[in-house]
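Worksheet: the structure to be examined is printed underneath.
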Amino acid sequence: MIEKLKTNYSYLLEPDLLEEIEACSILKKVEVGGVFIKPGQYIKSMPLLLEGTIKVSRKDTEGDEILLYFIEKGDTCAMSMNCCMNNSKSQIKAVAETYTELLMVPISKMDEWMIKYKSWREYVLISYQTRLNEVIKTVDSLVFLKMDERLMNYLQDKTKIFHKDTINITHEEIAKDFHTSRVVISRLLKKLEVKGDVILYRNSIKILNL
DNA sequence: ACATTAAGTGATT
DNA sequence: AATCACTTAATGT
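Going by the numbering used here, the first residue of the first sequence is number 1, and it counts up by one from there.
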């Protein structure tokens, strides 16, 4: 049995199911920045995350992107489950934020397991619930928080993902996630630095108040 | 040494 | 908060 499957899912799913998952799924590895779900694409298998973090975003007709949530190991992408089940096109884009390993489970198994395994039903339900909560969180921050607060949230999220207080990112890249220009981000970061929340370097930012 | 890219800043809307 | 125009600083060749 794949150890990562066991360590990340054994507390969620029953042993029989884990074996079935292993038997019928394909292991997929995605490098940093790899796009593995594109908007408009049909999804024929659903991913279980073993290692790494994935950024899920919504893309509108031309270019504009909005960050929905991050998924980490033990999670699955509720949106792709949704697409699997009613065989519709993907509404989202999924990019590997770090090096990532996934198990791709064929959708044909989904229905079967829903009936057969209680833990699977619960897992699916809980996934939906936590994803929905994540989305609510990002909507909240979008609507209620000021830009500088949003930035700080974002930076703190990043440190959690990379388990480091210094993250490698350019102002330009942040600006893309925030739908704004690089100049604005540079200025906000400068403020945060003066306040003593961060230290700025070239190509990286150190977050202080964790 | 030179070109390229990231970041800082003032002025304008 | 966005855009422009320009400067300064870091990094690669």
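No residue lacks a Cβ here, since even glycine has one placed at the ideal position from N, Cα and C.
Here the structure is a predicted model, which means the values were calculated and not measured.
If I'm right that Y9 touches G74 with Cβ under 8 Å, what's the distance once you round it to whole angstroms? In the first sequence, the residue the question calls residue 9 occupies position 9. In the first sequence, the residue the question calls residue 74 occupies position 74. Rounded to the nearest angstrom, the Cβ distance from Y9 to G74 is 7 Å, consistent with a contact under 8 Å.
Determine, using beta-carbon pairs with one atom in the segment 26-40 and one in the segment 99-116, whether at least three such pairs fall under 8 Å. Contact between the segment 26-40 and the segment 99-116 is present: three or more C-beta pairs spanning the two stretches fall below 8 Å.
In the structure shown, what three-state DSSP assignment does R187 receive? Locating residue 187 in the first sequence gives position 187, counting from the first residue. When DSSP states are grouped into helix, strand and coil, R187 belongs to the helix group.
Indicate the three-state DSSP secondary structure (helix, strand or coil) for K55 in the structure shown. Indexing the first sequence from 1 puts residue 55 at position 55. In the structure shown, the three-state DSSP call for K55 is strand.
Nearest-angstrom beta carbon gap, E22 and L49 [assumed within contact, 8 Å]: Your numbering for residue 49 matches position 49 in the first sequence. Your numbering for residue 22 matches position 22 in the first sequence. Between E22 and L49 the Cβ distance is about 15 Å, and since that is not below 8 Å, they are no contact.
Does DSSP classify N168 as helix, strand or coil? By 1-based counting over the first sequence, the position of residue 168 is 168. If DSSP states are grouped into helix, strand and coil, N168 belongs with the strands.
Buried versus exposed, by CB contacts within 10 Å (16 or more), P47: Locating residue 47 in the first sequence gives position 47, where the first residue counts as 1. Counting Cβ neighbours within 10 Å, P47 comes out buried, since at least 16 surround it.
Under the three-state reduction of DSSP, which class applies to T100: helix, strand or coil? Position 100 of the first sequence holds residue 100. In the structure shown, T100 sits in a strand (DSSP, three-state: E or B).
Hey, quick one: how far does the alpha helix (DSSP H) through Y9 stretch, first residue to last? The residue labelled residue 9 in the question sits at position 9 within the first sequence. DSSP places Y9 inside the alpha helix (DSSP H), whose first and last residues are E3 to Y9.
DSSP on Y45, reduced to helix/strand/coil? Looking up residue 45 in the first sequence gives position 45. Going by the sequence as given, residue 45 is Ser instead of Tyr. In the three-state DSSP reduction, S45 falls in the strand class (E or B).
Same chain, Cβ closer than 6 Å to G34, five either side skipped, listed in chain order: Position 34 of the first sequence, counting from 1, holds the residue named residue 34. Excluding residues within five positions, the ones whose Cβ falls inside 6 Å are A96.
Hey, would you say I54 sits closer than 8 Å to F70, going by beta carbons? Taking the first sequence and counting its residues from 1, one reaches residue 54 at position 54. Taking the first sequence and counting its residues from 1, one reaches residue 70 at position 70. Contact: yes.
Tell me where the alpha helix (DSSP H) around E158 begins and ends. Residue 158 sits at position 158 when you count from the first residue of the first sequence. Residue 158 is actually Lys in this sequence, not Glu. Per DSSP, the continuous alpha helix (DSSP H) segment holding K158 begins and ends at M147 to F162.
From E14 to S119, what distance separates their C-alpha atoms? Mapped onto the first sequence, residue 14 falls at position 14. Mapped onto the first sequence, residue 119 falls at position 119. In a straight line, the C-alpha of E14 is about 6 Å away from that of S119.
Taking 8 Å as the cut-off, decide whether the C-beta atoms of S186 and H163 are in contact. Here residue 186 corresponds to residue number 186 of the first sequence, with the count starting at 1. Here residue 163 corresponds to residue number 163 of the first sequence, with the count starting at 1. By the CB criterion at 8 Å, S186 and H163 fall outside the cutoff.
Buried/exposed call for E20, threshold 16 Cβ in 10 Å: Taking the first residue of the first sequence as position 1, residue 20 is located at position 20. Under this definition E20 is a buried residue.
First through last residue of the alpha helix (DSSP H) which encompasses L17: As a working note, residue 17 is residue 17 in the first sequence. Where L17 is concerned, the enclosing alpha helix (DSSP H) stretches over P15 to C24.
In angstroms, rounded to a whole number, what distance separates the CA positions of A175 and N203? Along the first sequence, read from residue 1 onward, the residue named residue 175 stands at position 175. Along the first sequence, read from residue 1 onward, the residue named residue 203 stands at position 203. Between the C-alpha atoms of A175 and N203 there is a straight-line separation of about 14 Å.
Expected contact under 8 Å - CB spacing of L192 and M152 to nearest Å: What you label residue 192 is simply residue 192 of the first sequence in a count that begins at 1. What you label residue 152 is simply residue 152 of the first sequence in a count that begins at 1. With a Cβ gap of about 7 Å, L192 and M152 count as contacting.
DSSP three-state label for Y117, please. Walking along the first sequence from the start, residue 117 turns up at place 117. Note: Y117 maps to coil in three-state DSSP.
Within the same chain, show all residues whose beta-carbon is closer than 6 Å to that of Y128, passing over the 5 residues directly before and after it, in chain order. Against the first sequence, residue 128 aligns to sequence position 128. Within the same chain, Cβ atoms closer than 6 Å to the Cβ of Y128 are found at A78, the five residues on either side in sequence being excluded.
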